Amino acid sequence: MDSKNIGTSPKYTFYMYTTIIFCVWQVNLNSQSKVNFLEANITLNQAVGFFARNIPQPKIGFEAGTLRQVKIKSPLFWGISGYYHTLGSSPTFTISEQLDFNWVDFDYKTTSHLLGFNGKMRFYPNLPLGKTEFYAEAILGYKWLFTTTNKTLSSDSESSDSNMEKGSLSLTYGAAAGINYPLTPSLYLNIRGNFLPGLSNEYFILNQNKQVKTSTLDLFDLKRSTTDLVRWDFGVTWRFTGDDD
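Using my numbering, you'd call the opening residue of the sequence shown number 50 and step up by one each time.
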């Protein structure tokens, strides 16, 4: 399996969202059409509960999503979003292996990932906050926890392979609250806090006290726990109108 497809697929997803966002034409927001949002955020992810025993340090990641107004002039929106961050990554280790009767050096690197997909409903209550708009969200989705090991020929970085060590889905649900503050008529600052509990699942976690034997996966321990997560989002929201249904 091609490592470039696995190792960078979350980044390709983010780039896809970003490209769509920058291709959107600004339109007259006073027209009688449903409002749509496209969002891009940098995230700070903190495991909580039993999850935090295995992942004590916060992780930086990214999130992108889209929402559409349920009805014209309604404060209710529905949408989807995706987010990604790593759970831990090993250093790169060079290991000699026999290949065609010769000893060849390979660079190994193992990374544990979290990729989430959510459906959501957003509600904007009528609160007197000036230009600031407060909202609350109900969330349901999945966390995909997976681990990959990349193996690259030391003398040729273009020659590489990747192995999916483990992957499993964890049902997640939760709630979020945030604010939008207008920067332009169609561009908003977005700040949001999310609480995302998740069901129990298995995942690999880096153990700094272990030694490499045959692969950098040797540095990881297989753990099982609930996957509760608190995520803080900081980014922007683009607002535009679309055709009525």
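Note that the Cβ used here is the ideal one computed from N, Cα and C, for glycine as well.
Quantities reported herein were computed from a predicted structural model and do not represent experimental measurements.
Grab me the residues of ALA187's own chain with a C-beta within less than 7 Å of its C-beta, minus the 5 sequence neighbours each way, in chain order. LYS169, MET170 and ALA224
Where PHE111 falls: helix, strand or coil (DSSP): strand
Measure how close the beta-carbons of GLY216 and TYR184 come, nearest whole angstrom, since I'm counting them as under 8 Å. At roughly 33 Å, the Cβ-Cβ gap does not stay under 8 Å, so GLY216 and TYR184 are not in contact.
Could you tell me whether the stretch 170–180 touches the stretch 271–280, where touching means 3 or more Cβ pairs closer than 8 Å? No, they do not touch.
Apart from the five residues just before and just after HIS162, which ones in its own chain have a Cβ nearer than 6 Å to its Cβ? THR135 and PHE195
Can you have a look at LEU178 and say buried or exposed, based on whether 16 or more other CB atoms are within 10 angstroms of its CB? exposed
Straight-line gap, TYR157 to LEU266 (C-alpha atoms, nearest Å): 9 Å
My output table needs one value for ASN103: the three-state DSSP class, helix, strand or coil. helix
Helix, strand or coil, according to DSSP, for LEU268 in the structure here? helix
Would the stretch 255–262 count as touching the stretch 201–209 if we require 3 or more Cβ pairs under 8 Å? no
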